[in-house]
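**Q**
Residue numbers (the numbering used here): 55 to 128.
(1) Using a 10 Å radius around the Cβ and a threshold of 16 neighbouring Cβ atoms, would you call residue 120 buried or exposed?
(2) Tell me whether residue 58 sits in a helix, a strand or coil according to DSSP, three-state version.
(3) Whole angstroms are fine: how far does the CA of residue 96 sit from the CA of residue 73?
(4) Measuring alpha carbon to alpha carbon, tell me which residue in 62, 92, 77 and 55 is nearest residue 115.
(5) Beta-carbon separation of residue 80 and residue 112 under 8 Å?
(6) Helix, strand or coil for residue 94? Go by DSSP, reduced to three states.
(7) Cβ of residue 86 within 8 Å of Cβ of residue 56?
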């Protein structure tokens, strides 16, 4: 899983309640976080236990790499 905050549709609005912010702070633009299956499972356990917020990533629809010109959230 690749977590790229620049492609998250709820960036800004949901950053304060996302596990990425808890672990790394609000990421700078163009920073992606790669999580392997074990890390995702561990974060799921922590989130289900209430120790960290869940991953709130909502990936933007892939447009083939073209910028639509629409402003991004955040």
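Ideal placement from N, C-alpha and C gives every residue a C-beta, glycine not left out.
**A** Per the coordinate set shown:
(1) Confidence is the limiting factor: at residue 120 the pLDDT is only 49, short of 50, which leaves the residue's position unreliable and the question unanswerable from this model.
(2) The answer is strand: DSSP assigns residue 58 an E or B state.
(3) Rounded to whole angstroms, the gap between the alpha carbons of residue 73 and residue 96 is 12 Å.
(4) Residue nearest to residue 115 within the set 62, 92, 77 and 55 is 62 (criterion: CA-CA distance).
(5) No.
(6) The answer is helix: DSSP assigns residue 94 an H, G or I state.
(7) Closer than 8 Å, so yes.
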